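First the structure, in the form of structure tokens, and then the observations on it.
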Amino acid sequence: MPHASVHGGGGDIALTVLEHTGRRALKIDTGEVVSVLGAPGSGKTKLALELAFLSRPEEGEVLFHGVNPATRRNRLETPRRPREVTLLVQNAEDQLFARSVFDDVAFGPRHLILPDEEISSRVVRALRAVGLDPDEVGDRSPFALSGGERRRVALAGVLAMEPEVLILDEPTANLDPKTRNEFLTLLEPLRGRSAILWFTTRAREAQLADRIYLLRDGATTELPSASALLHDWRELARAGVELPTVYDLAGALEMRGTRLPPTDDPVELRDAIVQVWRDSHDR
Amino acid sequence: MIGNTPKFLSYEAGTSVLHRLDPRTKLLGTALIVADALIATVPFGMLTAYILGAVAGLMAKHLLPDLWRTLRPLLVLIMLFGVILVVITPGHALAHIWILVPTRDGIYLAIRLGLQALLIVYTTSLLSLTTPPLAVADALHWALGWMERFRVPIRDIIAMVAIGLTFVPLLIEETQKVIAAQRARGADLGMNALLDEQAMAALLIPLLLANLRRGGELAESMESRLYDTGPRTALRQFQFHEMDAGAAAILVTSTALITGLGFFVPSLS
Chain A
1 MPHASVHGGG
11 GDIALTVLEH
21 TGRRALKIDT
31 GEVVSVLGAP
41 GSGKTKLALE
51 LAFLSRPEEG
61 EVLFHGVNPA
71 TRRNRLETPR
81 RPREVTLLVQ
91 NAEDQLFARS
101 VFDDVAFGPR
111 HLILPDEEIS
121 SRVVRALRAV
131 GLDPDEVGDR
141 SPFALSGGER
151 RRVALAGVLA
161 MEPEVLILDE
171 PTANLDPKTR
181 NEFLTLLEPL
191 RGRSAILWFT
201 TRAREAQLAD
211 RIYLLRDGAT
221 TELPSASALL
231 HDWRELARAG
241 VELPTVYDLA
251 GALEMRGTRL
261 PPTDDPVELR
271 DAIVQVWRDS
281 HDR
Chain B
1001 MIGNTPKFLS
1011 YEAGTSVLHR
1021 LDPRTKLLGT
1031 ALIVADALIA
1041 TVPFGMLTAY
1051 ILGAVAGLMA
1061 KHLLPDLWRT
1071 LRPLLVLIML
1081 FGVILVVITP
1091 GHALAHIWIL
1101 VPTRDGIYLA
1111 IRLGLQALLI
1121 VYTTSLLSLT
1131 TPPLAVADAL
1141 HWALGWMERF
1151 RVPIRDIIAM
1161 VAIGLTFVPL
1171 LIEETQKVIA
1181 AQRARGADLG
1191 MNALLDEQAM
1201 AALLIPLLLA
1211 NLRRGGELAE
1221 SMESRLYDTG
1231 PRTALRQFQF
1241 HEMDAGAAAI
1251 LVTSTALITG
1261 LGFFVPSLS
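Sequences listed follow chains A and B, in order. For the first sequence, this note's numbering assigns the number 1 to the initial residue and increments by one for each residue that follows. For the second sequence, this note's numbering assigns the number 1001 to the initial residue and increments by one for each residue that follows.
Structure, rendered in structure tokens:
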């Protein structure tokens, strides 16, 4: 355990890569997939930028391997942003700019000052990881691709950095349902390579993670378990989170005074809704 | 980074005297103060012009801290250019330091140009802070409408200026977003990025594309709402008040004073 001896804080600190303290406390361990679920406007992007060391925290501190990189030990030292933490910003396809897809994906690794062979092998690996053929798209202009493909190229751009922590700010926002599902399947193989921190408004997507935080009113709460997420669907609906359709419908019916069984099972809810509908039509 | 957007050129709603002044008064006033800054002699003319500027500022006191924050970086720039001017202007040499020869004429020029630049930026910032962009556009149209007789498409030009001004805050926000995005994937966008072609491309191309796209969408949405299909009437009718008469009196008197000082009182340069 080299980290334990370096930081001297025991095994716990060695495992935690990135941590936010304060009201929006959250931590992520090496290789873990963690999601942060929050309604639109709950401050997800702000939190993502803070965790990526791109914005100064409004409250609390961000620690990378237990250390706040922004604190200076002396006046001469300029704090450096840890490049082991990367962020895929919202609508990241808008940030592509290079002449070719290859150059765009290589943008990050080139800033790490790696040898040329290493750069090209990383680019090839990253493009394959997002389901694109490097020989086919490598020389094409990123602007000649479709929206979904450009989002993949943007993801490849951060993957090629081979980060310790990959932060995704609503990676499936503004994608059509088909492209969204394709994109979700890309993320599964990334498990274990980097710690992944995933911001989303959709309960269904949040459930793909190992642990879930709910961001609401400027504070985070960790939910007991991923499978138990929808136990509190009434609570989540009030928080403005996007739920599977059956819960949306059940919530709307309850608001109008329809009595439904106090269950969180989608099948039972569906059957109950069907029953309510039948009853009202038999009359 | 994102969130604390600088106030540069963006309108701040308020109810101060300067906010309530007629946009036309403010526009002409700004033009007069800019002209004053250009013709004023050092020191007395400039002093009068600055007093005029200070009076304008005091009419919107609560905005001054914000304004100071925007002007601070400009001050550094002005001083830097000042130092350069002092040593490159030919004239009466004051000293010889290695190859640098500061001259008296250089010092006068630096002071004069610095004071002019500061006053001009200060006044125009005051205008944009206290006047909604569309009101500035309407005032411009009032002031320049006569050019339509000479077939200058002044209405379109002003519409473009107004739309441009409205989008400045958005552009600033977007720039910060692009900077964050490119830094997130390893770009080093510090001062040395200005010399790095790749880093500049990473910043400018996404910005340019976003703006082209927005421009196209805006044009379509304006046309779909029948922009430029018939004669136009004004939504807002301006009305001069007593306050405007007072402001005009102060402006005209000071301008006359500054001009007079230029003719009759000896200046430094």
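Note that the Cβ used here is the ideal one computed from N, Cα and C, for glycine as well. Model, not experiment: these values are computed from the prediction.
> Residues of chain B with a CB under 7 angstroms from the CB of Asp-94(A): which are they?
Replying inline: Position 94 of the first sequence holds residue 94(A). Going along chain B in sequence order, the residues near Asp-94(A) (Cβ under 7 angstroms) are Pro-1206 and Ala-1210.
>> Counting only beta-carbon separations shorter than 9 angstroms, does Val-137(A) have a partner in chain B?
In response: Residue numbering aside, residue 137(A) sits at position 137 when the first sequence is read from its first letter. Not closer than 9 angstroms to any Cβ of chain B, the Cβ of Val-137(A) fails to qualify, so no.
> In chain order, what residues of the same chain lie with their CB nearer than 7 angstroms to the CB of Asn-1211(B), ignoring the 5 residues before and after it?
Replying inline: If you number the second sequence from 1, residue 1211(B) lands on position 211. Answer for Asn-1211(B): no residue qualifies.
>> On the CB-based measure, 16 or more other CB atoms within 10 Å of its CB, does Gly-10(A) come out buried or exposed?
In response: Locating residue 10(A) in the first sequence gives position 10, where the first residue counts as 1. With a pLDDT of 44 at Gly-10(A), under the threshold of 50, the modelled position of that residue is not reliable, and no figure is offered here.
>> Just checking: is the beta-carbon of Lys-1177(B) within a distance shorter than 9 angstroms of some beta-carbon in chain A?
In response: For the purposes of this step, residue 1177(B) is taken as residue 177 along the second sequence, with counting starting at 1. For Lys-1177(B), the answer is yes, since a Cβ of chain A falls inside 9 angstroms of its Cβ.
> Between which two residues does the alpha helix (DSSP H) harbouring Asp-135(A) extend?
Replying inline: As a first step, residue 135(A) must be located in the first sequence, where it is residue number 135. Run containing Asp-135(A): 134-137, per the alpha helix (DSSP H) assignment.
> In whole angstroms, what is the alpha-carbon distance linking Arg-193(A) and Leu-1171(B)?
Replying inline: Position 193 of the first sequence, counted from the first residue, corresponds to residue 193(A). Position 171 of the second sequence, counted from the first residue, corresponds to residue 1171(B). One C-alpha to the other measures close to 37 angstroms.
> What are the residues of the segment 106-129 of chain A that lie near chain B, defined by any Cβ-Cβ distance shorter than 9 angstroms?
Replying inline: Residues Phe-107, Gly-108, Pro-109, Arg-110, His-111 and Leu-112.
>> Measuring alpha carbon to alpha carbon, tell me which residue in Ala-206(A), Asn-68(A) and Lys-46(A) is nearest Glu-58(A).
In response: As a position in the first sequence, residue 58(A) is number 58, starting the count at 1. The option with the nearest alpha carbon to Glu-58(A) is Lys-46(A).
> Starting from Thr-200(A) and walking both ways along the beta strand (DSSP E), at which residues does that stretch end?
Replying inline: In the first sequence, residue 200(A) corresponds to position 200, counting from 1. 195-200 is the span of the beta strand (DSSP E), which, as asked, contains Thr-200(A).
>> With three or more C-beta pairs closer than 8 angstroms as the rule, is the segment 80-87 of chain A touching the segment 153-171 of chain A?
In response: yes
> When the Cα atoms are used, what is the spatial distance from Pro-1231(B) to Gly-1145(B)?
Replying inline: In the second sequence, counting from the first residue as 1, residue 1231(B) sits at position 231. In the second sequence, counting from the first residue as 1, residue 1145(B) sits at position 145. Their backbone Cα atoms lie some 15 angstroms apart in a straight line.
>> Report the CB separation of Leu-214(A) from Thr-220(A) in whole angstroms; it is logged as a contact under 8 angstroms.
In response: For the purposes of this step, residue 214(A) is taken as residue 214 along the first sequence, with counting starting at 1. For the purposes of this step, residue 220(A) is taken as residue 220 along the first sequence, with counting starting at 1. The pair is a contact, with the Cβ atoms about 7 angstroms apart (cut-off 8 angstroms).
>> How far does the beta strand (DSSP E) with Ser-35(A) in it extend, from its first residue to its last?
In response: If you number the first sequence from 1, residue 35(A) lands on position 35. Run containing Ser-35(A): 33-38, per the beta strand (DSSP E) assignment.
>> Report the start-end ranges of each beta strand (DSSP E) in the segment 131-170 of chain A that is 3 residues or longer and not cut off at the edges.
In response: 165-169
>> Please state the DSSP three-state secondary structure of Thr-1103(B).
In response: By one-based count along the second sequence, residue 1103(B) stands at place 103. Three-state DSSP puts Thr-1103(B) in a strand.
> Along the chain, which unbroken stretches of the alpha helix (DSSP H) at least 4 residues long are found entirely within the segment 1034-1072 of chain B?
Replying inline: 1044-1058
> Which two residues bound the contiguous beta strand (DSSP E) that contains Thr-71(A)?
Replying inline: Working through the first sequence from its first residue, we reach residue 71(A) at position 71. Segment: none, Thr-71(A) is in no beta strand (DSSP E) and carries neither H nor E.
> Which residue's Cα is closest to the Cα of Gly-22(A): Leu-51(A), Leu-184(A) and Leu-132(A)?
Replying inline: Position 22 of the first sequence, counted from the first residue, corresponds to residue 22(A). Per the Cα distances, Leu-51(A).
>> Going by the DSSP bridge assignment, what does Ala-1031(B) pair with across the sheet?
In response: By one-based count along the second sequence, residue 1031(B) stands at place 31. DSSP, once it has assigned bridges, lists no residue as partnering Ala-1031(B).
>> Relative to the C-alpha of Thr-1131(B), which candidate in Ile-1258(B), Ala-1245(B) and Leu-1018(B) has its C-alpha closest?
In response: On the second sequence, position 131 is the one that residue 1131(B) refers to. Looking at the Cα atoms, Leu-1018(B) is the closest of the given residues.
> Given Glu-32(A), which residues of its chain have a CB within under 8 angstroms of its CB, disregarding the five upstream and five downstream residues?
Replying inline: Residue numbering aside, residue 32(A) sits at position 32 when the first sequence is read from its first letter. Around Glu-32(A): Ala-195, Ile-196, Asp-210 and Arg-211.
>> Tell me the residue span of the alpha helix (DSSP H) that contains Glu-93(A).
In response: Sequence index remark: in the first sequence, residue 93(A) carries index 93 (1-based). Boundaries for Glu-93(A): no alpha helix (DSSP H) harbours it, and the DSSP string shows neither H nor E there.
> In the structure shown, what three-state DSSP assignment does Tyr-1108(B) receive?
Replying inline: Position 108 of the second sequence, counting from 1, holds the residue named residue 1108(B). It is helical.
>> Here's the rule I'm using: 16 or more other beta-carbon atoms within 10 Å means buried, otherwise exposed. How should His-157(A) be labelled?
In response: Along the first sequence, read from residue 1 onward, the residue named residue 157(A) stands at position 157. In the sequence on display, residue 157(A) carries Gly and not His. Flag for Gly-157(A) reads buried.
>> Short of 7 angstroms in beta carbon distance, which residues of its chain neighbour Gln-1182(B), apart from the five on each side in sequence? Order them along the chain.
In response: Reading the second sequence from its first residue, position 182 is the one you call residue 1182(B). Once the five neighbours on either side are set aside, the close Cβ partners of Gln-1182(B) are Leu-1189, Ala-1202 and Leu-1203.
> What number of angstroms, rounded off, separates the C-alpha of Ile-1097(B) from the C-alpha of Thr-1089(B)?
Replying inline: The count along the second sequence starts at 1 and reaches residue 1097(B) at position 97. The count along the second sequence starts at 1 and reaches residue 1089(B) at position 89. Near 15 angstroms, if we compare the C-alpha coordinates of Thr-1089(B) and Ile-1097(B).
>> In the DSSP output, what is Thr-1253(B) paired with across the bridge?
In response: As a first step, residue 1253(B) must be located in the second sequence, where it is residue number 253. DSSP output for Thr-1253(B) lists no bridge partner at all.
>> Is there a Cβ of chain A sitting closer than 9 angstroms to that of Gly-1186(B), yes or no?
In response: Within the second sequence, residue 1186(B) is the residue found at index 186, counting from 1. So, interface residue.
> What residues from chain C crowd round Arg-83(A), counting only those whose CB sits closer than 7 angstroms?
Replying inline: Structure shown: chain C not included; protein chains present are A and B.
> Can we say the segment 1012-1031 of chain B touches the segment 1137-1144 of chain B, given the rule of at least three CB pairs closer than 8 angstroms?
Replying inline: Between the segment 1012-1031 of chain B and the segment 1137-1144 of chain B there are three or more inter-stretch CB-CB distances shorter than 8 angstroms, so the stretches are counted as touching.
>> On the DSSP bridge list, what partners appear for His-20(A)?
In response: Start at 1 with the first residue of the first sequence, and residue 20(A) comes out as number 20. DSSP, once it has assigned bridges, lists Leu-26(A) and Val-62(A) as partnering His-20(A).
>> Taking the alpha carbon of Ala-1110(B) as the reference point, which residue from Leu-1127(B), Val-1087(B) and Leu-1207(B) has its own alpha carbon closest?
In response: In the second sequence, the residue the question calls residue 1110(B) occupies position 110. Nearest C-alpha to Ala-1110(B): Val-1087(B).
>> Tell me the rounded alpha-carbon separation between Arg-110(A) and Glu-1174(B).
In response: The sequence position of residue 110(A) within the first sequence is 110, counting from 1. The sequence position of residue 1174(B) within the second sequence is 174, counting from 1. Between the alpha carbons of Arg-110(A) and Glu-1174(B) lies a distance of about 25 angstroms.
> Distance, Cα to Cα, Val-1034(B) vs Leu-1119(B)?
Replying inline: Reading the second sequence from its first residue, position 34 is the one you call residue 1034(B). Reading the second sequence from its first residue, position 119 is the one you call residue 1119(B). Cα to Cα, Val-1034(B) sits roughly 7 angstroms from Leu-1119(B).
>> On the DSSP bridge list, what partners appear for Leu-214(A)?
In response: By 1-based counting over the first sequence, the position of residue 214(A) is 214. Paired residue(s): Leu-37(A) and Thr-221(A).
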